[in-house]
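Below is one structure, written out as structure tokens; comments come after it.
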Ligand SMILES: Nc1ncnc2c1ncn2[C@@H]1O[C@H](COP(=O)(O)OP(=O)(O)OP(=O)(O)O)[C@@H](O)[C@H]1O
Ligand SMILES: [Mg+2]
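Chains as they are written, first to last, in the numbering used here: chain A, 1 to 265; chain B, 1 to 313.
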């Protein structure tokens, strides 16, 4: 029982560390708040001027679920960088040589990312509302969509913890950043997948980014949701996101914990 | 009386094909400073990591503060502090925030963690910078912060891996003073270093390791005694250097270490009288600016020890 208490308490200390880092860098708070708004404007008005929404409707209505999904995925990189940074600077070793609860480090890191994600998504939603995006299906489905976003983000952050620790070198992890873009772009986030070549479309349809986008479109009642003739993950997007999250957690929680405990052994 | 604070017996550790440790033995009595000397790659960091519970040995065992570092790692951790080879602090946090965080993670209450952070920042001369992010601090300040991060809960055993590498002499002196204070308070310290004068200044005992094994152990004086005294001769005129070499070779039977004007030779077992040296030089027509007998530096001991090892293999 005391072990659990320390895990929670140390985890919270590490979440507090992330907040303290922001306090030390006010510029970053501005970026954190501005970036989602800029993305909404950029994608909304640049792409929005050229892309026709399948089945009609406003592009910004179509776009917002895609943007939510995109930031959910790109956030993984931040987690990787943080973990690899701590590993390469010896901070991780210091934690491991202290009486700190063993599981607090990965749990604290993923918890902190979830908190940051909540703020980010809230700002993005506000920006979306400002440019005319609306959820149409009432409170519960809307909350359900945000819950799915946070769930998948949390599950993905565990993958980030594992990769960051396993690579253990901040610069090497930095080099993975360009990979994030194609992963999010080969999806239905910004354009429908049916115009893509068959092989690319297959990848895009099964991309978890697409599942999350489709789930959000369905739950928000935005255009581009399940149409009755798509591939399985896009027809049952909520189930697909739940399955993806469960699978990621089942694989990466034990794997990350193991990597953390065994580091340098 | 009491058991040593740190004991390692036959530690082995390999990384792939590299044998970092091949049967390392170490023993550090409570309340003393042990200096671990060794060239690059000798296995110093690996040894410290094993003792600080970060890494497991392949064979052999070690006890720190009375507990086995593998089986009872949980009992070892609250009693040790580790300052690694690089300052392990969060650059984006202020110095104070770093210390508070490490204090909380060492399971101090919030109030105590805050108080200890303030106390230590004051005592180690970091109070002024304390509220600026550590990323903008100088190397010496960061190292000091790294050191005091280990002191929030007063450790029984402190491991310092090259605590002053890359520091200017002033910062180095400050770290030395802090280490002396800690030892005066009863902390046992194991420090690795490549600076022999550091070991000379701080260590009660020195263990020289090379290729993952201890090759000599003793007080700095004992180690110096093993290679005997040195005779240094400075010639007034460099042209006379060759003749001086001949004289010294005849006197000591050893080839002098080459220098521009100064020659240095080990003194043979039977000893030498300064007067004999001066007379012999005079006889050969060498004008000596300076002739002196002295204890060897730890540097010379170190070079001799690690050298001889090379020659044997
Ligand atoms: N995690 C690791 N993976 C692979 N090899 C390692 C690892 N850690 C140490 N080694 C190797 O083990 C040997 C001993 O390394 P160690 O860091 O203990 O030496 P050191 O005495 O601390 O050297 P230095 O003075 O350079 O700090 C080296 O050859 C090193 O390359
Ligand atoms: Mg080292």
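Note that CB positions come from ideal geometry on N, CA and C, so glycine has one too.
Computed from a predicted structure; not experimentally measured.
{"Asked": "Proximity test, residue 216 (chain B) beta-carbon vs ligand 1 heavy atom, cut-off 7 Å", "Found": "no"}
{"Asked": "DSSP-derived helix/strand/coil call for residue 140 (chain A)", "Found": "helix"}
{"Asked": "Chain A within 8 Å of residue 93 (chain B), Cβ atoms only", "Found": "yes"}
{"Asked": "Within 8 Å, strictly: CB atoms of residue 133 (chain B) and residue 188 (chain B)", "Found": "no"}
{"Asked": "Minimum Cβ-Cβ distance from residue 113 (chain A) to chain B less than 8 Å", "Found": "no"}
{"Asked": "C-beta neighbour in chain B for residue 142 (chain A), strict 8 Å", "Found": "no"}
{"Asked": "Distance cut-off 7 Å: residue 267 (chain A) Cβ against heavy atoms of ligand 2", "Found": "This structure gives no information on residue 267 (chain A), because the portion of chain A shown stretches from 1 to 265."}
{"Asked": "Which of helix, strand or coil DSSP assigns to residue 99 (chain A)", "Found": "coil"}
{"Asked": "Of the listed residues A:97, A:79 and A:78, nearest to residue 74 (chain B) (C-alpha basis)", "Found": "A:97"}
{"Asked": "Residue 233 (chain B) versus B:226, B:241 and B:227, residue with shortest Cα-Cα distance", "Found": "B:241"}
{"Asked": "Any non-hydrogen atom of ligand 2 closer than 7 Å to residue 224 (chain B) Cβ", "Found": "no"}
{"Asked": "Residue 143 (chain B) (DSSP reduced to helix, strand or coil)", "Found": "helix"}
{"Asked": "Residue 12 (chain B) - containing beta strand (DSSP E), residue span", "Found": "6-15"}
{"Asked": "Element boundaries [alpha helix (DSSP H), containing residue 118 (chain A)]", "Found": "104-130"}
{"Asked": "Ligand 1 heavy atom lying under 7 Å from the CB of residue 201 (chain B)", "Found": "no"}
{"Asked": "Contact residues within the segment 63-96 of chain A, judged by C-beta distance below 7 Å to chain B", "Found": "89, 90, 91, 93, 94, 95 and 96"}
{"Asked": "Within chain B, the residues that residue 21 (chain A) reaches when beta carbons sit closer than 8 Å", "Found": "90, 92 and 93"}
{"Asked": "Beta-carbon spacing of residue 53 (chain B), residue 69 (chain B) below 8 Å", "Found": "yes"}
{"Asked": "Residue 63 (chain A) and residue 190 (chain A) closer than 8 Å at C-beta", "Found": "yes"}
{"Asked": "Rounded separation between residue 9 (chain B) and residue 62 (chain B) - CA only", "Found": "6 Å"}
{"Asked": "Positions along the segment 200-214 of chain B whose CB lies within less than 7 Å of some CB in chain A", "Found": "none"}
{"Asked": "Between the CA atoms of residue 37 (chain B) and residue 71 (chain A) - distance to the nearest angstrom", "Found": "51 Å"}
{"Asked": "Chain-order list of residues whose beta-carbon lies under 6 Å from that of residue 245 (chain A) (same chain, five-residue window excluded)", "Found": "151, 152 and 155"}
{"Asked": "Alpha helix (DSSP H) segment containing residue 150 (chain B), residue limits", "Found": "Counting along the chain, residue 150 (chain B) falls outside any alpha helix (DSSP H), and DSSP gives it neither H nor E."}
{"Asked": "Residue 295 (chain B) - DSSP class collapsed to helix/strand/coil", "Found": "coil"}
{"Asked": "Collapsed DSSP secondary structure at residue 79 (chain B) in the structure displayed", "Found": "helix"}
{"Asked": "Cutoff 8 Å: residue 13 (chain A) Cβ touching any chain B Cβ", "Found": "yes"}
{"Asked": "Below-8 Å beta-carbon distance, residue 77 (chain B) vs any chain A residue", "Found": "yes"}
{"Asked": "Span separating the alpha-carbon of residue 251 (chain A) from that of residue 203 (chain A)", "Found": "21 Å"}
{"Asked": "Other residues of its chain near residue 152 (chain B): CB distance less than 8 Å, five sequence neighbours each side excluded", "Found": "99, 102, 103, 106, 108, 113, 116, 117 and 120"}
{"Asked": "C-beta neighbour in chain B for residue 24 (chain A), strict 8 Å", "Found": "yes"}
{"Asked": "Chain B contact for residue 10 (chain A) (CB, 8 Å cutoff)", "Found": "yes"}
{"Asked": "Span separating the alpha-carbon of residue 139 (chain B) from that of residue 304 (chain B)", "Found": "32 Å"}
{"Asked": "With 16 other Cβ atoms within 10 Å as the buried cut-off, status of residue 172 (chain A)", "Found": "exposed"}
{"Asked": "Own chain residues within Cβ distance below 7 Å of residue 102 (chain A), not counting five before or after", "Found": "261"}
{"Asked": "Contact set for residue 203 (chain B): own chain, Cβ-Cβ below 7 Å, skip 5 residues either direction", "Found": "33, 34, 35 and 220"}
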